[in-house]
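Everything on this sheet refers to the single structure shown next.
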Amino acid sequence: MMLLAGTLLPLALVHRWGRIWPGWVLPLAGRRVPRWLVAGPGFFVGAGLTTYFGIGGMTAWATGNNVSGATWFLAVVLPAYTLWGLGLLVAATSYLSLTRPECARASAPPPAH
């Protein structure tokens with residue numbers, strides 16, 4: 000499951016097949032992907048990574064509580080996963096912006112007087 004969240008989710012947020020079902024998904028091919036099917040996990044995983052590694056991990060490391068391991072490893076892993084989570088949050092926000100339905104009032108011609 001984590002393999003899917005780590006590879007397919009970021010790709011679905013930025014590629015066309017994350018907005019329109021690809022041809023190999025026969026019953027759904029060419030239809031729009033529901034916005035929250037991709038954006039929901041993007042926000043959930045992004046917030047989870049950012050919270051766990053960014054806030055929890057960095058706090059534990061800074062205070063020296065319950066963190067064992069090589070210092071260089073923690074100095075690389077904690078910021079990397081924090082940035083990965085922030086990147087997912089940015090990509091999910093961008094995805095929602097790209098897939099926002101067009102407002103019916105904005106595309107309607109102005110009323111004649």
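Counting from 1, position 99 in the sequence shown corresponds to residue 98 in numbering that gives the first Met the number 0; the numbering is continuous, with no gaps.
For glycine and all other residues, C-beta sits at the position ideal for the given N, C-alpha and C.
Would you check if the distance between the CB atom of residue i and the CB atom of residue j is smaller than 9 Å?
i: Ala90; j: Val13; result: yes
i: Leu48; j: Leu73; result: no
i: Leu97; j: Arg18; result: yes
i: Arg34; j: Leu95; result: yes
i: Thr81; j: Gly53; result: yes
Given that a residue counts as buried once 16 or more other Cβ atoms are within 10 Å of its Cβ, and exposed if not, what is residue i?
i: Gly55; result: exposed
i: Gly84; result: buried
i: Ala11; result: buried
i: Gly63; result: exposed
i: Ala111; result: exposed
i: Pro108; result: exposed
i: Leu8; result: buried
i: Ala38; result: buried
i: Val75; result: exposed
i: Val24; result: exposed
What are the partner residues of residue i, as DSSP defines its beta bridges?
i: Ile19; result: Arg31
Taking 8 Å as the cut-off, is the beta-carbon of residue i closer than that to any non-hydrogen atom of the ligand FMN?
i: Gly86; result: The model on display carries no ligand, and the ligand FMN is accordingly not part of it.
So, at 7 Å on beta carbons, what are the nonlocal neighbours of residue i in its own chain, with the 5 sequence-adjacent residues on each side left out?
i: Val138; result: With the chain covering only 0 through 112, there is no way to say anything about residue 138.
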